[in-house]
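Take any residue in the sequence shown, count from 1 to its spot, add 37: that is its number in the working numbering. Each residue gets a CB set at the ideal place from its N, CA and C atoms; glycine is no exception. Worksheet: the structure to be examined is printed underneath.
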Amino acid sequence: MAAIVLATLNARHAHAALGLRYLHANLGELEADAVILEFVIGNQSEAIAEQILEQHPRVLGLGVYIWNVDETTRLVAILKRVAPELIVILGGPEVSFANDAPPICALADAVVCGPGEIVFAQLCRELLAPAGAGCDAGPMAGAGTGAGTGAGTGAEARARPRTAAPRFIVAPWPDLAALAAPYRLYDDHDLAHRHIYVEASRGCPYRCEFCLSSLDRTAVPFPLAPFIAELARLHDRGARAFKFIDRTFNLKVDSCRAILEFFLERIARDPGDPVYLHFELIPDHLPPALRTLIERFPAGTLQFEIGIQSWDAEVTKRIGRRQDNAQAESNLAWLRQATTAHLHVDLIVGLPGENLAGFAAGFDRLCALEPHEIQVGILKRLRGAPIDRHTQSFAMRYNPNPPYDLLSNQDIDFPGMRKMARFARYWDLIGNSGRFAASLPHLLGSAPFDNFMAFSQWLYAATGATHGLGPERLLAELRQWFSRLDCEPRGADGPPCPGSTGTARSRREAALAALEQDLERFQRIALERRGQNRAARLRQARNLGAEPTG
Ligand code: SF4
38 MAAIVLATLN
48 ARHAHAALGL
58 RYLHANLGEL
68 EADAVILEFV
78 IGNQSEAIAE
88 QILEQHPRVL
98 GLGVYIWNVD
108 ETTRLVAILK
118 RVAPELIVIL
128 GGPEVSFAND
138 APPICALADA
148 VVCGPGEIVF
158 AQLCRELLAP
168 AGAGCDAGPM
178 AGAGTGAGTG
188 AGTGAEARAR
198 PRTAAPRFIV
208 APWPDLAALA
218 APYRLYDDHD
228 LAHRHIYVEA
238 SRGCPYRCEF
248 CLSSLDRTAV
258 PFPLAPFIAE
268 LARLHDRGAR
278 AFKFIDRTFN
288 LKVDSCRAIL
298 EFFLERIARD
308 PGDPVYLHFE
318 LIPDHLPPAL
328 RTLIERFPAG
338 TLQFEIGIQS
348 WDAEVTKRIG
358 RRQDNAQAES
368 NLAWLRQATT
378 AHLHVDLIVG
388 LPGENLAGFA
398 AGFDRLCALE
408 PHEIQVGILK
418 RLRGAPIDRH
428 TQSFAMRYNP
438 NPPYDLLSNQ
448 DIDFPGMRKM
458 ARFARYWDLI
468 GNSGRFAASL
478 PHLLGSAPFD
488 NFMAFSQWLY
498 AATGATHGLG
508 PERLLAELRQ
518 WFSRLDCEPR
528 GADGPPCPGS
538 TGTARSRREA
548 ALAALEQDLE
558 RFQRIALERR
568 GQNRAARLRQ
578 ARNLGAEPTG
C-alpha cells in the first residue's frame with residue numbers, strides 16, 4: 038500500500054525511468070509512502086490499472102511521453118472509471134504546454150509543466166494533508182499556473198468535479214544543487230539489467246527549433262563533485278552501462294574532462310571489467326583536452342550520439358541551429374580514425390526548405406565519413422516546439438497522431454515521405470544493424486543514397502513489408518538483389534539496367550562473396566549463442582539437480 042504511486046510506460050524494459058526516481062527522491066517525508074511502478078508499452082491497460090490500484094494510492098503521478106501518450110490516455114480513462122477518487126497528476130514533455138495539450142490532460146486532475154521535482158512534492162503535501170491542516174509550502178509557492186486554469190491549493194485538485202478543467206502548474210526551473218539525487222533508487226536489478234541514466238547537466242543553450250530543449254535557453258550543470266561521487270557509488274554497486282542524458286555533454290570542457298577521467302581511472306583499475314558509456318555530443322566542439330582523453334578509451338566502451346540533422350547551412354540557419362559544418366566534419370573524421378568510439382549520427386528528413394535531393398546529398402556526405410550508424414529520422418512536430426512557426430510558410434503537414442511525424446511539405450510530397458519512412462526503416466535493419474558489414478559497401482556503391490533508395494523500393498515491392506523481416510529473410514533478399522546486379526542502378530527509382538559486362542559480373546560476384554561472409558558471421562554468432570544457451574541450461578539443470586533435455 039502506498040499513498041503515492043509514480044508510474045510510467047517505458048519504451049522498453051531496459052529503459053529505467055530516471056524522471057520517476059527524481060520525483061521519488063525529492064518527496065521528502067512522503068518518500069516512504071510512495072512507490073515507483075514501471076510498465077512497458079504494449080502491457081495491457083487493464084492489467085496496469087489493476088496493479089496501480091492494488092497499492093490503494095490517493096495520488097498517481099504519471100510520466101507522459103511521445104511514445105506512451107496514447108496508451109497512458111487509455112490507462113487514465115480506465116482508472117477514472119473504476120476509481121474516480123484517485124487524483125491523477127501528469128508530467129513529462131508531452132503534457133508540458135497548456136496551449137498545446139493532448140486529450141489526456143482533460144482526464145487528469147493536475148498537470149505539472151516542466152521539471153516537476155519540487156512542484157510535485159508540494160502538490161502531494163497539499164493533497165495528502167489532513168483536512169483542515171495548513172501547509173507551510175503554501176499554494177504552490179513559486180509556481181505559475183497555465184492558461185485557463187487558476188491558482189489554488191491542492192484542495193482544488195482533490196475536489197475537482199469531473200467536468201472541471203485540469204489545473205496546469207508551470208514548474209519553475211529548480212535549483213539543481215538543492216535537488217536530492219535519484220541514483221540510490223536504482224535497485225540491483227536495474228544496475229544489472231537496465232540502462233542507468235545519469236545527468237551531469239540539464240538544459241541546452243542552443244535553439245534548434247525542432248527540439249524542446251531549445252526552450253531551455255541555457256545548460257546548467259549539477260555540482261560536479263557530488264555528481265562524481267554518485268557515479269562512484271553506482272559503479273561500486275555494479276553499474277556498468279551509463280547513459281548520460283545531457284543534451285550537450287561536451288559543452289563544458291572541465292566537467293566533461295573530470296567525468297571521462299573518472300571512468301578512465303575505473304577502467305584502469307580493472308581492465309577486464311569495462312564500462313559502457315553513452316554521451317550526446319555537439320559535433321563541432323572537440324578541443325584537444327577532450328580528444329586526448331577520448332582516444333584513451335578501449336574499444337566497446339564509448340558510444341557517441343551526434344546530431345548533424347542537416348548539412349545545408351541555409352536550412353540549419355532557418356531553424357535556429359548553429360553548426361560549423363567544416364569543424365563538425367573534421368571532428369567526425371577524427372573520431373572515426375583516431376578513436377574506437379561507436380558513432381551514431383542523426384540526420385532529419387523534412388526540415389523546412391530541404392528537399393529530397395538536398396537530403397540525399399547530406400546522406401552521402403555523412404556516409405563518406407563512415408559513422409557506425411546513421412539515424413534517418415523523420416521530422417516531428419513536438420508539442421511546444423518552435424518549429425511550428427514554419428507550418429504555414431512551408432506547408433508542413435504533420436501526422437495528428439503521435440509521434441506527429443511529417444507527412445508532407447512543400448518540397449516533399451506524401452509519397453516521397455512514405456518512401457523515406459521505408460528507407461529509414463530498411464536502413465536501420467541493414468545499414469545500422471551491423472549485420473551486413475561486409476555487403477553494405479557493395480549495396481551502397483559510389484552513390485549511397487540513390488543505390489539504397491533503389492534497393493529499398495525494390496525490397497518493398499518484393500515483400501510488401503517493413504516489419505517482420507528477420508536477418509535470414511533480409512539475407513535472402515539481398516542475395517536476389519545482388520544476383521540482378523548487372524550495373525549501377527539508374528538513380529533512386531530506376532531498376533538495374535539490363536545487360537552484363539565483365540565489370541558488372543565481377544561487381545556482382547564480389548557482392549555475393551561479401552554476402553557469404555556476412556552469412557558465415559551470422560552462423561558463427563548463432564552457434565555461439567546456442568552454446569551459451571546450452572551452458573546456461575546446464576548450469577540451471579545442475580542447480581536443480583536434474584539432467585538437461587537438449
Ligand atoms: S537539437 Fe541538440 S543542440 Fe539543438 S536545441 Fe536540441 S539538444 Fe540543443
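Where does residue i fall in DSSP's three states?
i, result
"Arg204", "strand"
"Val42", "strand"
"Val101", "coil"
"Phe279", "strand"
"Pro152", "coil"
"Tyr313", "strand"
"Asn469", "helix"
"Asn47", "strand"
"Glu342", "strand"
"Ala192", "Per-residue confidence for Ala192 stands at a pLDDT of 47, beneath the threshold of 50, marking its modelled position as unreliable; the derived number appears in the next sentence. In this structure, Ala192 counts as helix in the three-state DSSP scheme."
"His226", "helix"
"Ala120", "coil"
"Asp401", "helix"
"Gln554", "helix"
"Thr182", "Because the pLDDT at Thr182 is just 46, under 50, the model does not fix this residue reliably, and the value given afterwards should be weighed accordingly. Residue state, collapsed to three classes: strand."
"Gly507", "coil"
"His409", "coil"
"His93", "coil"
"Ala71", "strand"
"Ile356", "coil"
Taking DSSP's pairing of strands, which residues face residue i in a bridge?
i, result
"Asp442", "Lys417"
"Arg434", "Ser445"
"Phe4", "Since the first residue of the chain shown is 38 and the last is 587, residue 4 is not available in this structure."
"Ser238", "Pro258"
"Ala166", "In the DSSP output, where bridge partners are listed per residue, Ala166 has none listed."
"Gln364", "None, per the DSSP bridge assignment."
"Phe451", "Paired residue(s): none; Phe451 is not in a bridge."
"Phe76", "Leu46"
"Leu380", "Phe341"
"His232", "His52"
"Leu127", "Leu99 and Val148"
"Leu318", "Ile343"
Rounded to the nearest angstrom, how far is the Cβ of residue i from that of residue j, given a contact under 8 Å?
i, j, result
"Thr285", "Ile319", "5 Å"
"Ser238", "Lys289", "7 Å"
"Gln412", "His381", "6 Å"
"Glu83", "Asn47", "That belief does not hold up - the Cβ atoms of Glu83 and Asn47 are roughly 19 Å apart, past 8 Å."
"Pro385", "Gln429", "This sequence places Ile at residue 385; Pro is not what is there. With a Cβ gap of about 20 Å, Ile385 and Gln429 do not count as contacting."
"Pro335", "Thr377", "7 Å"
"Asn362", "Trp348", "6 Å"
"Leu369", "Pro408", "7 Å"
"Cys245", "Arg358", "4 Å"
Ignore the nearest five residues each way along the sequence and tell me which others in residue i's own chain have a CB closer than 8 Å to its CB.
i, result
"Gly477", "Sequence check: residue 477 is Leu here, not Gly. Excluding residues within five positions, the ones whose Cβ falls inside 8 Å are Ile467 and Gly468."
"Leu67", "Ala40, Ile41, Ala158, Cys161, Arg162 and Leu165"
"Ala375", "Arg328 and Glu332"
"Arg221", "Ala62 and Arg270"
"Phe316", "Phe281, Asp283, Phe286, Asn287, Leu339, Gln340, Phe341 and Glu342"
From this set, the options, which residue's C-alpha is nearest residue i's C-alpha?
i, options, result
"Ile206", "Ile126, Cys248, Trp348 and Leu384", "Ile126"
"Phe300", "Phe486, Glu317 and Ala278", "Ala278"
"Arg420", "Val101, Arg58, Thr45 and Ala86", "Val101"
"Ala143", "Gly151, Val106 and Ala168", "Val106"
"Ser292", "Phe264, Leu216 and Glu302", "Phe264"
"Gly65", "Leu216, Pro440 and Arg373", "Leu216"
"Met457", "Phe431, His379 and Phe396", "Phe396"
"Ile132", "Leu403, Arg294, Leu116 and Gly151", "First, the amino acid is wrong: residue 132 is Val here, not Ile. Closest by alpha carbon: Gly151."
"Asn392", "Trp495, Glu351, Leu116 and Leu406", "Glu351"
"Ile89", "Pro130, Met38, Trp104 and Leu55", "Met38"
"Ala513", "Val119, Phe559 and Ala114", "Phe559"
"Ser483", "Ala405, Gly501, Ser445 and Glu557", "Ala405"
Return yes when the C-beta of residue i is under 7 Å from any heavy atom of the ligand COA, and no when it is not.
i, result
"Gly344", "The ligand COA is not part of the structure shown, which contains the ligand SF4 as its ligands."
Looking only at its chain, what residues have a beta carbon closer than 6 Å to the beta carbon of residue i, apart from the 5 residues adjacent to it on each side?
i, result
"Arg571", "none"
"His50", "Val77"
"Arg231", "Ala51 and Ala53"
"Gly187", "Bear in mind that the predicted position of Gly187 carries a pLDDT of just 37, short of 50, making it too unreliable to give a figure here."
"Ala218", "Glu267"
"Val149", "Gly128, Val156, Phe157, Ile206 and Ala208"
"Asp253", "Gly240 and Cys241"
Leaving out five residues on either side along the sequence, give the residues of the same chain with a beta carbon under 7 Å from the beta carbon of residue i.
i, result
"Arg355", "Pro389 and Gly390"
"Cys248", "Ala422"
"Gly191", "Note that Gly191 scores 47 on pLDDT, short of 50, meaning its location in the model is unreliable and no value can be drawn from it."
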